[in-house]
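Numbering that gives the first Met the number 0 numbers the first residue of the sequence shown as 0 and each following residue consecutively. Ideal placement from N, C-alpha and C gives every residue a C-beta, glycine not left out. All of these numbers come straight from a predicted model, not from anything done at the bench. Report on the following structure.
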Amino acid sequence: MSLALYRSLSRTYPLSTAFGTCFIKGSASDVIAQMISYGDNNKEEARRFDLRRNISFAIFSGTYLGIGQHFIYNVAFSRMFGKSQDFRTAAKKVIADATIHVPCIYLPLYFSFETVATGQGTPLHGLQRYSHDAPQVLSTYWSTWPPVHFISFSILPPELRISFVATVSFVWLVYLSWTSHSHTAQEKKQIDLSDSKQDSILPTPNTANISNSVV
0 MSLALYRSLS
10 RTYPLSTAFG
20 TCFIKGSASD
30 VIAQMISYGD
40 NNKEEARRFD
50 LRRNISFAIF
60 SGTYLGIGQH
70 FIYNVAFSRM
80 FGKSQDFRTA
90 AKKVIADATI
100 HVPCIYLPLY
110 FSFETVATGQ
120 GTPLHGLQRY
130 SHDAPQVLST
140 YWSTWPPVHF
150 ISFSILPPEL
160 RISFVATVSF
170 VWLVYLSWTS
180 HSHTAQEKKQ
190 IDLSDSKQDS
200 ILPTPNTANI
210 SNSVV
């Protein structure tokens, strides 16, 4: 697809184009993230592609990163700060994104949605995981995204803003997917290690079974 055609579609059908762009990007990002998460795990069942998880990420990406952020970046921010692409206006939008939108809306919603959609717990569990991972995730976001959004708000036309952000966020979503799922994998690894130690210490089968059932 040529850039001119994409711009035309984005101007004519902004929501559909934004959803489709980010749906594809979200699915592709999670494919890579799942490949990374295989790591050194040699168990065949652990190496199977999780289609449900992939669809969950694709839907979230298309819905929020596509449609949702179109309204935030191209509609809400324009009404709040104006449509000018000068330095001051772009800086205001970057600050609003980094201090309000991302830490207070995007990331809590992401962790809650992802936790429920992939069967790892409730929205509350997702918020707890966000609280645990927030310093690392936000540090990475703040060190990467302000320059990206400044370029988006100061140079690019609105119809290319979502696709530009989607292209850069391809790497970002891989990181976010890896971070959220590695936390769950680490917990499971600790439980397995605990079981192994208890089995080696407790000699009788009955005692070992009781220990495993408690864990």
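TODO: Assign residue 33 to buried or exposed, taking buried as 16 or more other Cβ atoms, counted over all protein chains shown, within 10 Å of its Cβ.
DONE: buried
TODO: State the CB to CB distance for the pair residue 65 and residue 161, rounded to an integer number of angstroms; the pair is presumed to be in contact (CB under 8 Å).
DONE: 6 Å
TODO: Would you give the residue range spanned by the alpha helix (DSSP H) that residue 146 belongs to?
DONE: In this chain, the alpha helix (DSSP H) harbouring residue 146 covers 122-153.
- [ ] Report the option in 106, 120, 111 and 96 whose CA atom is closest to the CA atom of residue 147.
- [x] 96
- [ ] Would you give the residue range spanned by the alpha helix (DSSP H) that residue 107 belongs to?
- [x] 106-116
Open item on the list: Quick check: what's the CA-CA separation for residue 39 versus residue 31?
Closed with: A caution first: residue 39 carries a pLDDT of 47, below 50, which makes its placement in the model unreliable, though a value can still be read off. For residue 39 and residue 31, the distance between alpha carbons rounds to 15 Å.
- [ ] Confirm, please, whether the CB-CB distance from residue 22 to residue 89 is below 8 Å.
- [x] no
- [ ] Using 10 angstroms around the beta-carbon of residue 3, count the other beta-carbons present and answer buried if the total reaches 16, otherwise exposed.
- [x] exposed
Open item on the list: Taking 8 Å as the threshold (C-beta atoms), are residue 152 and residue 93 in contact?
Closed with: yes
TODO: Determine the burial state of residue 131: buried for a count of at least 16 other Cβ atoms within 10 Å of its Cβ, exposed for fewer.
DONE: exposed
Open item on the list: Alpha carbons only, please: which of 24, 127, 87 and 91 is nearest the one belonging to residue 60?
Closed with: 24
TODO: Starting from residue 92, follow the alpha helix (DSSP H) in both directions and report where the run begins and ends.
DONE: 86-95
Task: Coil, strand or helix - residue 82 by DSSP - done: Note: residue 82 maps to coil in three-state DSSP.
TODO: Mind checking which residues open and close the alpha helix (DSSP H) that includes residue 3?
DONE: 2-11
Open item on the list: What does the Cβ neighbour count give for residue 57, buried or exposed, with the cut at 16 atoms within 10 Å?
Closed with: buried
Task: Exposed unless 16 or more other CB atoms sit within 10 angstroms - verdict on residue 106 - done: buried
Task: Beta-carbon proximity check, residue 158 vs residue 10, cutoff 8 Å - done: For residue 158 and residue 10, yes; Cβs fall inside 8 Å.
Task: residue 71 (DSSP reduced to helix, strand or coil) - done: helix
TODO: Report the rounded CA-to-CA distance for residue 1 versus residue 128, giving the unit in angstroms.
DONE: 41 Å
Task: Counted within 10 angstroms of its Cβ, other Cβ atoms place residue 18 as buried (16 or more) or exposed - done: buried
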